[in-house]
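Going left to right, the sequence shown walks through residues -30 to -1, 1 to 242 as mature numbering (1 follows the signal peptide of the UniProt record, and there is no 0) numbers them.
First the structure, in the form of structure tokens, and then the observations on it.
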Amino acid sequence: MNRVRALVITSHPGPSLAITALTTLLAAQAAPHGIGPALTAPALLAGQLSIGWSNDACDATRDAAAGRTDKPVARGDIGRGAVWTAAWISAALGLALALTISPLTAALYVLVVAPGWAYNLGLKATLASGVMYLLGFGPLPAYAASTLPGHPAPRWPVTLAAGLLGLGAHFANVLPDLATDKKVGVGGLPQRVAARWGPAAVRGAALVLLLGASVLLLIGATRRWVAIPGLVAAVLLAVASARGTGKVPFYAAIGIAAVDVLLFALGGEALT
């Protein structure tokens, strides 16, 4: 595999782009003019890419032991050193860009990115894994609002919805990998829930958290013609997840997360 392609894959481009797009839309709606929104996207994208790279660099040995042929570092297509270098450079670049917006934006950038690194460096195997997702997603509205004059605080329902979305995504993301995680000894919050109450409890937690975010976004939405169909879609996906087998619960839960992202972006929710 081409090294550049391997580096792109190890960055986890899908989640990185989705989180960046959501936050950029919030910033653009709140402050459509000025340099802040224009720099919000590249700064946060650099930070999210650094999280993806550090994740695969940290997990290379574990992924190889588990036979993860979808992981370029585990396959040997690219060295861990190159991926670590990309992670550190990207994190530093993102911080520099955030500083050009404001010191507060830079501080919030660190608050968003640091939990992802802490998760990768070892907290993913502890009960604190869920806290890292809450801390990584909850401040995203504040990061977007920091581009506004006076740096107003975001509304609490928006912050809570972002946190629920992050924690719900954490539970949803592990659904396909619970057996592998058990084999290699990953013991984060969702895995411990599965060990005690079974995979169905992980699925249920993901649905409750993601639907909770949907309801919060519906309450504050000004474009009900967008928000109500979105909530209906989320409920239908929840039913599909509860009744489905195989990978259906996972894809349905991710679908609810996608609906929540669209509600954030298109529902007319006031940021501050």
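The beta-carbon is built from N, C-alpha and C at its ideal position, and this holds for glycine as well.
The structure presented is a predicted model; accordingly, all values stated were derived computationally and were not measured.
Neighbourhood of residue i by C-beta distance below 7 Å, restricted to the same chain and skipping five residues each side
| i | result |
| --- | --- |
| G17 | A61, G64, Y79, V82, V83 |
| K94 | V156, G158 |
| L187 | A131, A197, D230, L233, F234, G237, E239 |
| G106 | V82, P85, G86, G136 |
As assigned by DSSP and simplified to three states, the class of residue i
| i | result |
| --- | --- |
| R162 | helix |
| S(-20) | coil |
| S116 | coil |
| K217 | coil |
| N25 | helix |
| T10 | helix |
| P111 | helix |
| A98 | coil |
| T39 | coil |
| I48 | coil |
| R(-26) | helix |
| P199 | helix |
| G157 | coil |
| A(-13) | helix |
| T55 | helix |
Bounding residues of the alpha helix (DSSP H) (the contiguous stretch that carries residue i)
| i | result |
| --- | --- |
| H140 | 126 to 143 |
| N90 | 73 to 90 |
| K153 | 148 to 154 |
| L181 | 169 to 190 |
| R45 | 42 to 45 |
| L30 | As written in the sequence, residue 30 is Ala, which differs from the Leu given in the question. Per DSSP, A30 belongs to the alpha helix (DSSP H) from 30 to 35. |
Same chain, Cβ closer than 6 Å to residue i, five either side skipped, listed in chain order
| i | result |
| --- | --- |
| I21 | G86 |
| T242 | A115, P122, P124 |
| N90 | S24, N25, C28 |
| T(-7) | T10, A11 |
| P160 | F141, V144, V172 |
| P(-16) | none |
Proximal residues to residue i (C-beta, below 8 Å), its chain only, five neighbours per side dropped
| i | result |
| --- | --- |
| V154 | R32, A35, A36 |
| A191 | A197, L233, G237, G238, E239 |
With three or more beta-carbon pairs closer than 8 Å as the criterion, would you say the stretch 22 to 33 touches the stretch 135 to 146?
The answer is no - the stretch 135 to 146 does not touch the stretch 22 to 33, with fewer than three Cβ pairs under 8 Å.
With a cut-off of 8 Å, do at least 3 Cβ pairs link the stretch 166 to 180 to the stretch 219 to 226?
Counting Cβ pairs under 8 Å, three or more are found: they touch.
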